[in-house]
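Below is one structure, written out as structure tokens, with a few remarks after it.
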């Protein structure tokens, strides 16, 4: 994947030793190529780093080499004319998103929620706690200013453990509670907060993001790498469940049939009527 001057090189190996060997070749080739074009590679923290996800035999040995108490946390590669040292990290922030070497999204979700709270605090007095602005308008401002930042990248989240799901749920409920501007000691159930703030539940927020992203994928279907997407079975199961939920929400107000049996009609809308698809998703979420 490449975006502007940001490059992410993905490598795999059948063993831990093979993976480390391939990373050495890739690192030296990349650095030598940069020098060959009169560019000095920036190996500072957060600029050029190596992230390892090691499995199988000898993985513990390499973990000790790169992350152990006596490790320098540096990956050394031999180039054509010199040696290069690149920092080995377990967590990397790329284009505003946090990538963790384990693949879990708990850290990414926590950062998004924290950023949403910061945005809310910035506009709290002027917009969100302004009694001269009605609740519905405040909700719309909240959705465009706060939720847009929180939702960035959430369409691809897969939260397999209860702890991550609970953290996202609690973080969003706290945001909604702040939107209502209620006293800290006033007890309100989650349902009461959702009803009074006129906001979708945390589960529906994630469903809406995935369903909108599904429309984006189909809109660019001809240039999409469906092979990689089809390998993400955990995410596909979530999307399948989202489509079933969408049909349940709309079955009394739409002619669409159960997507598990009649997905062809759904695909037609996804591919050729993206605006109508977005209206269907919004209608289901606003119910």
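In my numbering, the protein residues as written are -2 to 284.
The C-beta atom is built at its ideal place from N, Cα and C for all residues, glycine as well.
Computed from a predicted model, the values in this text were never measured in an experiment.
Using 8 Å as the threshold, is the stretch 176 to 187 in touch with the stretch 209 to 223, meaning 3 or more CB pairs across them? The answer is no - the stretch 209 to 223 does not touch the stretch 176 to 187, with fewer than three Cβ pairs under 8 Å.
Excluding sequence positions up to five away, which residues of its chain have a Cβ less than 8 Å from the Cβ of residue 55? So the list reads 12, 13 and 14, once near-sequence residues are dropped.
Can the beta-carbon of residue 95 be found less than 8 Å from the beta-carbon of residue 115? Against a cut-off of 8 Å, the Cβ pair of residue 115 and residue 95 comes out as no contact.
Starting from residue 71, trace the beta strand (DSSP E) both ways and give me its first and last residue. It spans 71 to 75 - the beta strand (DSSP E) in which residue 71 sits, taken as one unbroken run.
Once the 5 residues before and after residue 168 are set aside, which same chain residues still bring their CB inside 7 Å of it? Residues of the same chain with a CB within less than 7 Å of the CB of residue 168, apart from the 5 flanking positions on each side, are 110 in chain order.
Compare the C-alpha of residue 9 against each of 204, 41, 49 and 44 and name the closest. When each option's Cα is compared against that of residue 9, the closest is 49.
Quick check on this structure: which residue in 255, 35 and 141 has the alpha carbon closest to the alpha carbon of residue 245? Selected option, being the one with the closest Cα: 255.
Which residues mark the beginning and the end of the alpha helix (DSSP H) in which residue 46 is found? First-last for residue 46: 46 to 48, but that is the beta strand (DSSP E), not the alpha helix (DSSP H).
May I have a chain-ordered list of the alpha helix (DSSP H) segments no shorter than 4 residues that lie completely inside the stretch 83 to 169? 103 to 120 and 132 to 139, all fully within the stretch 83 to 169.
Collapsed DSSP secondary structure at residue 277 in the structure displayed: When secondary structure is reduced to three states using DSSP, residue 277 falls in the helix class.
Going by the beta-carbon positions, is the gap between residue 189 and residue 282 smaller than 8 Å? Not in contact: residue 189 and residue 282 (Cβ atoms no closer than 8 Å).
Answer yes if the stretch 57 to 68 comes into contact with the stretch 26 to 39, meaning at least three C-beta pairs across the two stretches below 8 Å, and no otherwise. Here the stretch 26 to 39 does not lie against the stretch 57 to 68, with fewer than 3 beta-carbon pairs under 8 Å apart.
Counting only the same chain and skipping the five closest in sequence on each side, list residues whose C-beta sits under 6 Å from that of residue 247. Beyond the five residues adjoining it in sequence on each side, residue 247 comes within less than 6 Å, by CB distance, of 281 in the same chain, given in chain order.
Whose C-beta lies closer than 8 Å to the C-beta of residue 135 among residues of the same chain, with five residues either side of it excluded? Counting only residues of its own chain and dropping the five nearest sequence neighbours on each side, residue 135 has a CB closer than 8 Å to the CB of 124, 125, 127 and 176.
Would residue 221 be called buried (16 or more neighbouring beta carbons within 10 Å of its own) or exposed? Exposed: under 16 other Cβ atoms inside 10 Å.
Just the C-alpha distance for residue 234 and residue 208, rounded to the nearest angstrom, thanks. In this model, residue 234 and residue 208 are separated by some 12 Å (Cα to Cα).
DSSP beta-bridge partners for residue -1? Answer by DSSP bridge pairing, in chain order: 4.
With C-beta atoms as the reference, is residue 196 less than 8 Å away from residue 173? Yes, these two residues count as a Cβ contact at 8 Å.
How far does the alpha helix (DSSP H) with residue 24 in it extend, from its first residue to its last? In this chain, the alpha helix (DSSP H) harbouring residue 24 covers 13 to 33.
Do you know how far the Cα of residue 4 is from the Cα of residue 210? One C-alpha to the other measures close to 23 Å.
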